[in-house]
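Below is one structure, written out as C-alpha cells, with a few remarks after it.
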Amino acid sequence: MQKTIKIKGMGAVTSCGTGLPVLIESMRAGQSISRSGASFPVSFGSGIRVNQFDPDRYIRDEALADAVISASIDEALLEAELKRGSSWLTDAALIVGASGMLYDAEIIYRREKNGASAPTPVAVRGAGRMATDIANRLGIKGPVLTVTTACTSSANALMLAGEMIRRGEINKALVVGVEVLSAFTLSGFYSLMLLNPDGCRPFDSARRGVQLGEAAAALLLEADFAIDGGATLCGWANSCDTANVISTNIDGVFIAKVMEDALSSAGITAREIVCVKAHGTGSADNDATEVRAMRLLFGNDPPPYTGLKGYIGHTLGAGGAVETAALFKAVAAGFIPATLGFKDMDPALGSAPLTAPIEAEHGHYMANFFGFGGNNTSIVFRHGKV
Amino acid sequence: MTGDSGAIYILSAAGIGPSGGATREQRRLLAGDPQTTDLSGLLKELTGEEFRRIGHFAQLAVACSRIAALRFKKPIAAKTPLYLATGLGEALNTLSVFAQVINSDDSVCSPYGFVNAVSSTTAFHIAKAGGLNGRSITISQEELSFEWALKLAASDVKSKSAEYALVGGADESSLPRQEHMRRIRLGDDQVMGHGAGFLVLGKNADHAAGELVDVQWFDSTGEEKNAWVLKIARLVERLKKKTDRVVLLPGFRLERTHIASLVGRIAGIEVCNYLPFCGCFHTATAFGIASVFDAPHERDTLYLHVNNNACGRTMAVLIRAFAG
Chain B
6 MQKTIKIKGM GAVTSCGTGL PVLIESMRAG QSISRSGASF PVSFGSGIRV
56 NQFDPDRYIR DEALADAVIS ASIDEALLEA ELKRGSSWLT DAALIVGASG
106 MLYDAEIIYR REKNGASAPT PVAVRGAGRM ATDIANRLGI KGPVLTVTTA
156 CTSSANALML AGEMIRRGEI NKALVVGVEV LSAFTLSGFY SLMLLNPDGC
206 RPFDSARRGV QLGEAAAALL LEADFAIDGG ATLCGWANSC DTANVISTNI
256 DGVFIAKVME DALSSAGITA REIVCVKAHG TGSADNDATE VRAMRLLFGN
306 DPPPYTGLKG YIGHTLGAGG AVETAALFKA VAAGFIPATL GFKDMDPALG
356 SAPLTAPIEA EHGHYMANFF GFGGNNTSIV FRHGKV
Chain C
246 MTGDSGAIYI LSAAGIGPSG GATREQRRLL AGDPQTTDLS GLLKELTGEE
296 FRRIGHFAQL AVACSRIAAL RFKKPIAAKT PLYLATGLGE ALNTLSVFAQ
346 VINSDDSVCS PYGFVNAVSS TTAFHIAKAG GLNGRSITIS QEELSFEWAL
396 KLAASDVKSK SAEYALVGGA DESSLPRQEH MRRIRLGDDQ VMGHGAGFLV
446 LGKNADHAAG ELVDVQWFDS TGEEKNAWVL KIARLVERLK KKTDRVVLLP
496 GFRLERTHIA SLVGRIAGIE VCNYLPFCGC FHTATAFGIA SVFDAPHERD
546 TLYLHVNNNA CGRTMAVLIR AFAG
C-alpha cells in the first residue's frame with residue numbers, strides 16, 4: 006500500500022485570535038480583525054491596515070514569537086492527542102518556515118536606544134536560532150532546519166517535510182510557520198508601494214495591494230498507511246521564475262507549470278481538484294497572473310477558488326502553514342470559505358473567486374503560494390476518502 | 246549515499262574566500278579581519294551582466310555558483326534544483342536598511358535595499374545568472390545551514406527527481422566586529438571570515454572530481470553528549486576504503502578536545518584546517534569542502550567535515566576526492 010502523509014494535528018495563532026476554531030468562525034462569518042496602523046512606530050502607520058496578534062494576550066516583546074509558536078504547537082498536539090515530551094515529538098523532525106526575524110531586534114534596539122550603552126542593530130537570534138531553540142524546548146532529537154524563501158517559506162517547509170517523509174528519511178515532522186511584523190517589513194512593502202491602505206481585496210476590480218499580517222501555525226505530519234478520511238499531504242512543486250525579483254511573469258505560464266507539477270507529484274489530474282486556495286494577495290498584477298495560470302491549467306471549466314488573506318492578511322513566511330491549516334479546518338468543518346474583500350469582478354480578469362462559503366466536498370485541494378525572488382510553490386492536499 | 250545505485254558525484258566545485266579568488270593560487274592566509282572585496286568585475290566577466298544593485302553577499306554567492314557551474318563544462322538543465330545555504334544572508338545590506346527604518350523620521354527604506362534583504366533574492370540572482378528555473382530553496386540553520394542544504398540536494402539527485410543539483414553556501418562579515426561575532430556566537434578572539442562554496446552534484450560519474458559519501462546529523466544534547474564522536478568514528482571506519490587517505494576538516498565550532506577525540510579514534514586520520522584561509526562564518530563548511538578540490542589528489546582521499554552548532558547538534562559530511 007502506498008504511504009500517505011497524514012496531517013495529524015494543526016494549530017494557529019492569527020489576528021482572529023488564538024486557535025484555529027476562532028479563525029474558522031471568522032471565516033464562516035466573513036469577518037476579519039484588522040487594525041488601522043501598526044502597533045509599533047512607523048510614520049506611515051495610519052495609512053495602512055494590518056492584521057496583528059491580540060495585544061491583550063500577547064505582549065510585544067522579544068518573546069512574542071515564542072509565545073505564538075508555543076500556542077500553535079500546543080493546539081496541534083492537543084488535536085493529535087499528544088503531549089510535550091512525548092516520544093512522537095522526540096523522534097520528529099522540526100522544519101520551520103520564516104521569512105525573517107527582525108521584530109525582536111527592533112524591540113531591543115528601541116528599548117536600548119536611549120540607554121547608556123549603544124544598542125546592537127539586527128537580531129542576534131535569526132530564524133535558524135529560533136528553530137534550534139524550539140527543538141531544544143520540545144526535546145526534539147530529529148533533524149532541525151529552517152527554510153527562508155520569503156512568502157513561500159512555510160509552504161516550502163511543508164513541501165520538504167512531505168518529501169523527506171515520502172523518501173523514508175523521516176517518519177514524522179513538526180512544521181512551523183511564523184511571521185511577526187516589524188517596521189522593517191512594513192517599510193519595505195510601503196517603499197515598494199505594494200500596500201493597499203484600504204486593506205486586502207483579492208481579485209477585486211479595485212484591488213490595489215496587500216495587507217500584511219502576522220501569524221504562527223504548527224502542523225504535525227506523519228507517514229501513514231491507513232486511509233481514514235483525514236487530511237493528507239499529497240503532492241508539491243516549487244520553482245524559481247527569474248522574470249522579475251518581486252513578481253512572476255504576468256503571462257501565467259510559469260505559475261501554471263508549478264501547479265501542473267504539483268498535480269503530477271500528487272499523481273492526479275487537474276479535473277480532480279475540488280477547489281484552489283489561491284495565493285490572492287490583492288495586488289493587481291499577481292492576482293491577474295494567478296487567474297491566467299488557473300485558466301491555462303484548468304481551461305474553461307475551472308474549479309472554484311478562494312483567497313484567505315482578507316481574513317488574516319498576507320502573513321508572508323507563515324502563510325504556507327497558516328493558510329493550509331485554515332483551509333483544512335474550514336473544509337473539515339464542512340465549508341470552503343468565501344474570499345473576504347472581494348466585491349466586484351474585474352472585467353479584465355473575467356473571473357471571480359468564491360463570494361459566499363460553499364459546502365466542502367471530499368477530494369483534492371490545491372494551495373498556491375508565491376513569493377519574492379520568483380519563488381513559487383503549489384501544494385496538493387486531500388480531504389477525506391476519494 | 247553509498248553504493249553504485251545511490252552514488253552522488255561531485256562534478257565540480259568552487260570556493261571563494263575573503264581574497265575574492267577561487268583558485269588555489271589566489272588563496273591567502275588571513276592576517277586580520279577580512280576586507281570586503283568588490284566582485285562586480287568578476288561577476289561581469291562570469292555572466293556578461295552588470296549586477297549594480299546587489300550586495301557583497303549576493304556577489305559572493307552568484308560568482309561562486311557561476312564558477313562551479315562553468316567548471317563543470319557541461320550545460321546544466323534549467324530545471325536543476327538550487328539549494329542556497331546562509332546563516333546571516335545580506336548582513337551588510339540588512340544593517341543598512343534597518344538603520345534607515347529605525348533611525349529616520351519617515352521610517353521608509355530604499356526599495357532596492359529591502360528587496361535585496363529579502364531571504365529569497367540571492368537565490369533568484371543565482372538562478373537568473375545560471376539560467377535555472379527549477380526548485381530554489383534557501384536554508385538558514387546557523388552553522389549547519391550548508392550541511393542541510395547539501396543533504397537535501399543530494400536527496401533530490403539520489404531520488405532521481407533531478408539529474409544535477411547546484412548547492413552552495415555563502416555568508417559575509419560585517420562591522421563593528423564585536424557585534425558581528427556576537428551575532429554568530431563567537432568570541433572576539435576568533436577569526437572573523439566570509440566566503441562561499443558551491444558544488445554541482447550529479448548521478449553520472451563521468452569527469453567527477455569526487456563523490457558525496459554521506460551527510461549525517463547527530464544529536465549532541467543531553468544523554469547523547471559526546472556519543473556523536475564515537476558514532477562518527479564508526480561511520481568513517483565503515484565507509485573508508487583500504488586505499489583511502491583520510492582527512493578531518495574541522496568546522497569552526499568544533500572544539501579542540503573533539504578534534505583530539507576524533508583523531509584518537511580514527512586510525513591514520515590527518516587534520517587539515519581550512520579556516521585560516523576563510524575565517525569563521527556560518528557557511529564556512531561550503532568553502533572548506535569546495536576548496537578540497539582546488540588541487541588534484543595523488544590518491545583517493547576521504548574527507549570528514551564535522552561541525553557543531555551552538556545548541557548541541559552535530560553534522561558530519563563525508564566526501565571522497567578522486568585521485569587524478
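So the protein sequences, as listed, match chains B and C.
Each residue of the first sequence is one higher than the one before, counting from 6 in this note's numbering.
Each residue of the second sequence is one higher than the one before, counting from 246 in this note's numbering.
Don't be surprised by glycine CBs; every beta carbon is placed ideally from N, CA and C.
Suppose you measure from the CA of residue i to the CA of residue j; what does that come to, to the nearest Å?
| i | j | result |
| --- | --- | --- |
| serine 352(C) | phenylalanine 189(B) | 8 Å |
| glycine 182(B) | serine 20(B) | 15 Å |
| tryptophan 396(B) | lysine 177(B) | For chain B, the structure presents residues 6 to 391; residue 396(B) sits outside this window and is missing. |
| glycine 133(B) | tyrosine 108(B) | 15 Å |
| serine 48(B) | glycine 42(B) | 10 Å |
| glutamine 386(C) | glutamate 417(C) | 15 Å |
| valine 215(B) | isoleucine 382(C) | 24 Å |
| glycine 524(C) | glycine 90(B) | 39 Å |
| alanine 221(B) | alanine 140(B) | 16 Å |
| valine 516(C) | glycine 533(C) | 13 Å |
| isoleucine 100(B) | alanine 85(B) | 18 Å |
| aspartate 249(C) | glycine 447(C) | Low per-residue confidence applies at aspartate 249(C): pLDDT is 43, beneath 50, and the placement is therefore not dependable, though the value from the model is reported in the following sentence. Rounded to the nearest angstrom, the two C-alpha atoms are 13 Å apart. |
| serine 77(B) | alanine 454(C) | 46 Å |
| arginine 501(C) | glycine 131(B) | 27 Å |
| alanine 441(C) | isoleucine 299(C) | 16 Å |
| asparagine 201(B) | glycine 287(B) | 8 Å |
| glycine 375(C) | aspartate 79(B) | 43 Å |
| glycine 324(B) | phenylalanine 374(B) | 8 Å |
| alanine 258(C) | lysine 318(C) | 12 Å |
| isoleucine 255(B) | proline 308(B) | 21 Å |
| isoleucine 429(C) | glutamine 435(C) | 11 Å |
| valine 149(B) | threonine 137(B) | 7 Å |
| arginine 142(B) | cysteine 309(C) | 37 Å |
| serine 51(B) | leucine 197(B) | 17 Å |
| aspartate 71(B) | aspartate 229(B) | 30 Å |
| methionine 299(B) | alanine 335(B) | 22 Å |
| glycine 240(B) | asparagine 380(B) | 17 Å |
| isoleucine 260(B) | alanine 283(B) | 11 Å |
| asparagine 243(B) | histidine 367(B) | 25 Å |
| valine 508(C) | leucine 256(C) | 29 Å |
| glycine 16(B) | glutamate 335(C) | 32 Å |
| leucine 547(C) | leucine 69(B) | 46 Å |
Quick check on the DSSP output: the alpha helix (DSSP H) that includes residue i runs from which residue to which?
| i | result |
| --- | --- |
| methionine 299(B) | 289 to 303 |
| lysine 392(B) | Because chain B spans 6 through 391 in this model, residue 392(B) falls outside it and cannot be assessed. |
Looking only at its chain, what residues have a beta carbon closer than 7 Å to the beta carbon of residue i, apart from the 5 residues adjacent to it on each side?
| i | result |
| --- | --- |
| lysine 289(C) | Glu295 |
| glycine 144(B) | Gly90, Leu94, Thr95 |
Got a sec? Which residues, its chain only, sit under 8 Å from residue i by beta carbon, not counting five neighbours each side?
| i | result |
| --- | --- |
| threonine 247(C) | Annotation note: pLDDT 37 at threonine 247(C) (below 50); position unreliable, no value reported. |
| serine 365(C) | Ser381, Thr383 |
| alanine 252(C) | Met246, Lys448, Ala450, Glu456 |
| threonine 360(B) | Ala343, Thr344, Phe347 |
| valine 402(C) | Ile253, Glu408, Tyr409, Ala410, Leu446, Gly447, Lys448 |
Leaving out five residues before and five after residue i in sequence, what residues of the same chain have Cβ atoms less than 6 Å from its Cβ?
| i | result |
| --- | --- |
| alanine 303(C) | Thr367, His370 |
| leucine 241(C) | A question about residue 241(C) goes unanswered here, because the residues of chain C that appear run from 246 up to 569. |
| alanine 394(C) | Tyr328, Ala330, Ile384, Val412 |
What are the partner residues of residue i, as DSSP defines its beta bridges?
| i | result |
| --- | --- |
| threonine 237(B) | Lys11(B), Arg387(B) |
| asparagine 553(C) | Thr559(C) |
| proline 421(C) | In DSSP, proline 421(C) forms no bridge with anything. |
| glycine 455(C) | Ile255(C), Ala566(C) |
| tyrosine 328(C) | Ile382(C), Val412(C) |
| valine 353(C) | Per DSSP, none; premise fails for valine 353(C). |
| glutamate 515(C) | Val492(C) |
| tryptophan 462(C) | Met560(C) |
| histidine 370(C) | According to DSSP, which records beta bridges pairwise, histidine 370(C) is partnered with nothing at all. |
Hey, could you find the ends of the beta strand (DSSP E) residue i is sitting in?
| i | result |
| --- | --- |
| arginine 490(C) | 490 to 495 |
| histidine 369(B) | 368 to 376 |
| cysteine 280(B) | 278 to 282 |
| valine 445(C) | 440 to 447 |
| aspartate 229(B) | 220 to 229 |
(request) Please specify which runs of the beta strand (DSSP E), each continuous and at least 3 residues long, are wholly inside the region 158 to 209 of chain B, giving them in chain order. (result) 177 to 184
(request) May I have a chain-ordered list of the alpha helix (DSSP H) segments no shorter than 4 residues that lie completely inside the region 60 to 143 of chain B? (result) 69 to 84, 92 to 96, 108 to 118, 132 to 143
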